[in-house]
Amino acid sequence: MTTQTITTPELYQGQFGEFTITQSDRTGVIIYRAGLMVAALSFAIGSALVLFNNNSSVFTALTPLYACFSLALGISLLTIHIYMASLHRLLQVFWTIGTIASVIVALSNSEPLAVTVYNQPITLFGVGFTFVALTGIYFKEAFCFNRLETKVLTVIVPLLLIGHLVGILPTQIEQVLLGIWAILFLVFALRKAVQAIPPDIGDKSVFVYLKEQRSTKV
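Heads up, the final residue of the sequence shown is numbered 249 in our numbering, and it's a clean run with no missing numbers.
Here's what the structure looks like:
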């Protein structure tokens with residue numbers, strides 16, 4: 032006769048009551064982190080091709096790399112835990128705008144997407160929304176976990192994009208900022224991969240409380 036052991040889920044004390052972390056919660060965090068890792072790797076490979084290869088043919092390879100980066104970022108934005116539902120939806124809207132704009136720019140020009148965006152900075156008014164969404168993730172992680180790399184990224188990304196848009200940054204400075212962005216993005220993704228899962232889930236009692244508050248208002 033065998034005895035089956037029943038494991039009791041660990042209880043966590045939140046601001047508005049106790050809660051448990053389910054396997055679904057953990058899976059969501061793993062998917063979020065996997066999306067970040069794929070996005071970071073795609074971005075790093077693309078950046079390396081731009082910075083260390085003078086062959087113009089590499090720009091063709093940047094379009095599928097960007098597509099992979101954008102798709103992975105979208106998956107992360109679906110599974111990220113943010114207390115403010117409105118902010119979460121706003122980041123998803125930004126990503127959607129950036130994705131649609133990227134597709135339009137890519138299909139309406141004969142040149143590779145990266146070349147078009149670089150030579151026509153005005154396209155950043157559409158494509159740039161993807162990076163606004165990414166910066167939102169950096170800001171959230173900097174605020175929640177006080178990570179140095181995400182604090183730096185929160186400044187570098189808009190500095191590089193706006194600087195290129197208005198044409199005030201020398202090419203060498205843009206290259207340096209792009210290299211720092213790629214490196215710190217990888218550092219961020221790698222550190223997330225080894226971080227304990229519960230902190231990324233957050234205080235579930237807050238989510239329940241906010242949901243109840245929205246239901247009450249309705």
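Backbone N, C-alpha and C define an ideal beta-carbon position, used for all residues, glycine too.
At least 3 beta-carbon pairs within less than 8 Å: the stretch 79–91 vs the stretch 129–139: no
Residue span of the alpha helix (DSSP H) that contains P95, given as start and end: Taking the sequence shown and counting its residues from 1, the one referred to as residue 95 is at position 64. Run containing P95: 89–110, per the alpha helix (DSSP H) assignment.
T127, DSSP secondary structure in three states: Residue 127 sits at position 96 when you count from the first residue of the sequence shown. Note: T127 maps to helix in three-state DSSP.
Three-state secondary structure assigned by DSSP to T53: As a working mapping, residue 53 is identified with position 22 in the sequence shown. Coil at T53, not helix or strand.
Coarse secondary structure for Y149, derived from DSSP in three states: For the purposes of this step, residue 149 is taken as residue 118 along the sequence shown, with counting starting at 1. Residue state, collapsed to three classes: helix.
Beta-carbon proximity list for T154, same chain, < 8 Å, skipping 5 on both sides: Reading the sequence shown from its first residue, position 123 is the one you call residue 154. Within the same chain, T154 has close Cβ partners A132, V136, T147, V148.
Status (buried if at least 16 other CB within 10 Å, exposed otherwise) for P201: By one-based count along the sequence shown, residue 201 stands at place 170. P201 should be labelled exposed.
C-alpha gap between T33 and W212, whole angstroms: The residue given as residue 33 occupies position 2 in the sequence shown. The residue given as residue 212 occupies position 181 in the sequence shown. Bear in mind that the predicted position of T33 carries a pLDDT of just 47, short of 50, making it too unreliable to give a figure here.
Same chain only: Cβ atoms within 6 Å of F216, ignoring 5 sequence neighbours per side: Counted from its first residue, the sequence shown places residue 216 at position 185. So the list reads A71, F74, once near-sequence residues are dropped.
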